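I have placed the structure first, in the form of structure tokens, so that the comments after it can refer back to it.
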Amino acid sequence: MRRLLARAWRVAKRVLIVLAIVIVVLLIPVAYVEVGCRGTPIAQTYQPLINERAFQRVEANTYLTYPEWHIVYAYDGLAEALKRGDEHAFDYGSSVMGFWRSTCALMRVADEHGGADWGTRSTIHTIGVSFTAEMALKAAYEETVGRVTAWLRGSEKTPQDKAVARMATDYSAFLRQTPWYEYPFGREARALWAAPASWSVRAWERRLGVGLEFTAKAGYAKVLAGAVAATEPAVLVIRSVVSGLDRAALEKMADVKVVGPRAGGLEIETPRYDRFTRILADIARRGGAVREIAGNDDIMVTLIVPANVESRVRHGRVILRTRREGFSSHRLIVDVKVADLAALLKAYPLADPGLEHVFDY
């Protein structure tokens, strides 16, 4: 018995050592960002037009919203990769490196605009560590088990492969407006089993391996949704001041509420996230101008450009250029004065290539 306990303790120690090493590795980029990615504050003299505190946002957060969207874009890239090949074709490592590289660059810019409190930074670090771990696990599985079963299957995809590809496309679109934990992962796990299966090893591997991933996410999502429900809900609307369009024209636009006159323009209330981008692009297309957003005079956008196009943008300053995983094009992360936003939106219409997203706060 003593020998058995000693052996169990040796195994437990090795497991603990491995877990400690994994935790340290996952926290290395967090430490690097905290220590090495600091910017110099610049005095902010802008006086907001929207003076109600409830409708003002911290300007630095336009830059710090990007890390969450990087995860959305990673799933865009995975969905695109699945149109041409299998999961092992996606560059998981590059996507993770892109997350931390962009986070570092944007932390520096955010510091120039007042910086982020610890709550915001810790949230970014948490999702970054979770994303890193998820991508590492997916890469380890798809580069081994997934690659072997894809090779055994041959070039013709199974119904399960097609179900996973459909889910990837649906999930990436879902994330643009809705939190990930509201996605019906349980339904997708059942869809893998409902799809007809032959005696193909790949079909059963997708059912079991990917089905287990979906089931685990469904469980985690349920727990997280419960935790979020117990906290103060996120504000899902944002206010802006626009000019160049009259009240009647704005009220005809979907999801636009006119609050009233504001400093020679009109104050409007709109949804956030993807709808916000589309509404602003529509205002610019109709000849309107944006004078302020949530009490701020600076905002960030991303543009999609061909790989051979130079990193020069009219009406904005390029913060970072990144390769879009799964695509042949590149992404430009651009700092823009709100007063120049409408001109930029007219110069780069909502398209691929073109405008990708306007980041609120």
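The sequence shown begins at 959 in the working numbering and counts up one residue at a time. No residue lacks a Cβ here, since even glycine has one placed at the ideal position from N, Cα and C. In this text the structure is predicted, and so the values were computed from the model without any measurement.
Applying the 10 Å Cβ sphere with the 16-neighbour rule, what's the burial state of residue i?
i: residue 1039; result: buried
i: residue 1213; result: exposed
i: residue 1199; result: buried
i: residue 1302; result: buried
i: residue 990; result: exposed
i: residue 1223; result: buried
i: residue 1145; result: exposed
i: residue 993; result: exposed
i: residue 1118; result: buried
i: residue 1188; result: exposed
Please report the straight-line C-alpha distance between residue i and residue j, rounded to a whole angstrom.
i: residue 1225; j: residue 1204; result: 11 Å
i: residue 1046; j: residue 959; result: 46 Å
i: residue 1290; j: residue 1077; result: 27 Å
i: residue 1063; j: residue 995; result: 7 Å
i: residue 1151; j: residue 1103; result: 19 Å
i: residue 1092; j: residue 1294; result: 33 Å
i: residue 1268; j: residue 1279; result: 10 Å
i: residue 980; j: residue 1241; result: 48 Å
i: residue 1001; j: residue 1069; result: 11 Å
i: residue 1026; j: residue 1133; result: 10 Å
i: residue 1057; j: residue 965; result: 41 Å
i: residue 1232; j: residue 1253; result: 20 Å
i: residue 1169; j: residue 1123; result: 13 Å
i: residue 1319; j: residue 1292; result: 15 Å
i: residue 1219; j: residue 1250; result: 13 Å
i: residue 1017; j: residue 1006; result: 11 Å
i: residue 1153; j: residue 1164; result: 11 Å
i: residue 1095; j: residue 1031; result: 18 Å
i: residue 1211; j: residue 978; result: 54 Å
i: residue 1176; j: residue 1140; result: 9 Å
i: residue 1162; j: residue 1148; result: 13 Å
i: residue 997; j: residue 976; result: 35 Å
i: residue 1158; j: residue 1143; result: 24 Å
i: residue 985; j: residue 1305; result: 41 Å
i: residue 1174; j: residue 963; result: 32 Å
i: residue 961; j: residue 972; result: 17 Å
i: residue 1071; j: residue 1166; result: 48 Å
i: residue 1127; j: residue 1003; result: 44 Å
i: residue 1172; j: residue 968; result: 34 Å
In terms of residues, what are the limits of the beta strand (DSSP E) holding residue i?
i: residue 1229; result: 1223-1229
i: residue 1260; result: 1256-1263
i: residue 1023; result: Residue 1023 -> no beta strand (DSSP E), and no H or E assigned at all.
i: residue 1150; result: Unbroken run through residue 1150 is the alpha helix (DSSP H), 1143-1152; no beta strand (DSSP E).
i: residue 1313; result: 1312-1317
i: residue 1201; result: 1195-1201
So what's residue i in DSSP terms, helix, strand or just coil?
i: residue 1219; result: strand
i: residue 1080; result: helix
i: residue 1293; result: strand
i: residue 1003; result: coil
i: residue 1280; result: strand
i: residue 1208; result: helix
i: residue 1140; result: helix
i: residue 970; result: helix
i: residue 1071; result: coil
i: residue 908; result: With the chain running from 959 to 1319 in the structure shown, residue 908 is simply not present.
i: residue 1271; result: coil
i: residue 1244; result: coil
i: residue 1015; result: coil
i: residue 1008; result: coil
i: residue 1250; result: strand
What I want to know is whether the C-beta of residue i ends up closer than 7 Å to one or more non-hydrogen atoms of the ligand GTP.
i: residue 975; result: As far as ligands go, the structure on display features none, and thus does not contain the ligand GTP.
Would you grab the beta carbon distance between residue i and residue j for me? Rounded to a whole angstrom, and I think it's under 8 Å.
i: residue 1194; j: residue 1137; result: The pair is not a contact, with the Cβ atoms about 11 Å apart (cut-off 8 Å).
i: residue 1259; j: residue 1315; result: 7 Å
i: residue 1208; j: residue 1299; result: Rounded, the Cβ-Cβ distance is 16 Å, inconsistent with contact.
i: residue 1020; j: residue 1196; result: With a Cβ gap of about 11 Å, residue 1020 and residue 1196 do not count as contacting.
i: residue 1313; j: residue 1261; result: 6 Å
i: residue 1028; j: residue 1080; result: Rounded, the Cβ-Cβ distance is 17 Å, inconsistent with contact.
i: residue 1283; j: residue 1048; result: 7 Å
i: residue 1201; j: residue 1246; result: 7 Å
i: residue 1037; j: residue 1130; result: 5 Å
i: residue 1097; j: residue 1051; result: 7 Å
i: residue 983; j: residue 1086; result: With 8 Å as the limit, residue 983 and residue 1086 do not qualify as a contact, their Cβ atoms being about 13 Å apart.
i: residue 1108; j: residue 1160; result: 6 Å
i: residue 1296; j: residue 1217; result: At roughly 17 Å, the Cβ-Cβ gap does not stay under 8 Å, so residue 1296 and residue 1217 are not in contact.
Counting along the chain, where does the alpha helix (DSSP H) carrying residue i start and finish?
i: residue 1108; result: 1105-1111
i: residue 1122; result: 1117-1132
i: residue 1102; result: It is not in any alpha helix (DSSP H) - residue 1102 carries neither H nor E in the DSSP assignment.
i: residue 1169; result: 1169-1187
i: residue 1165; result: Segment: none, residue 1165 is in no alpha helix (DSSP H) and carries neither H nor E.
Report yes or no: is there a C-beta of chain C within less than 8 Å of the C-beta of residue i?
i: residue 1007; result: Within the model displayed, chain C is absent; a lone protein chain is all it includes.
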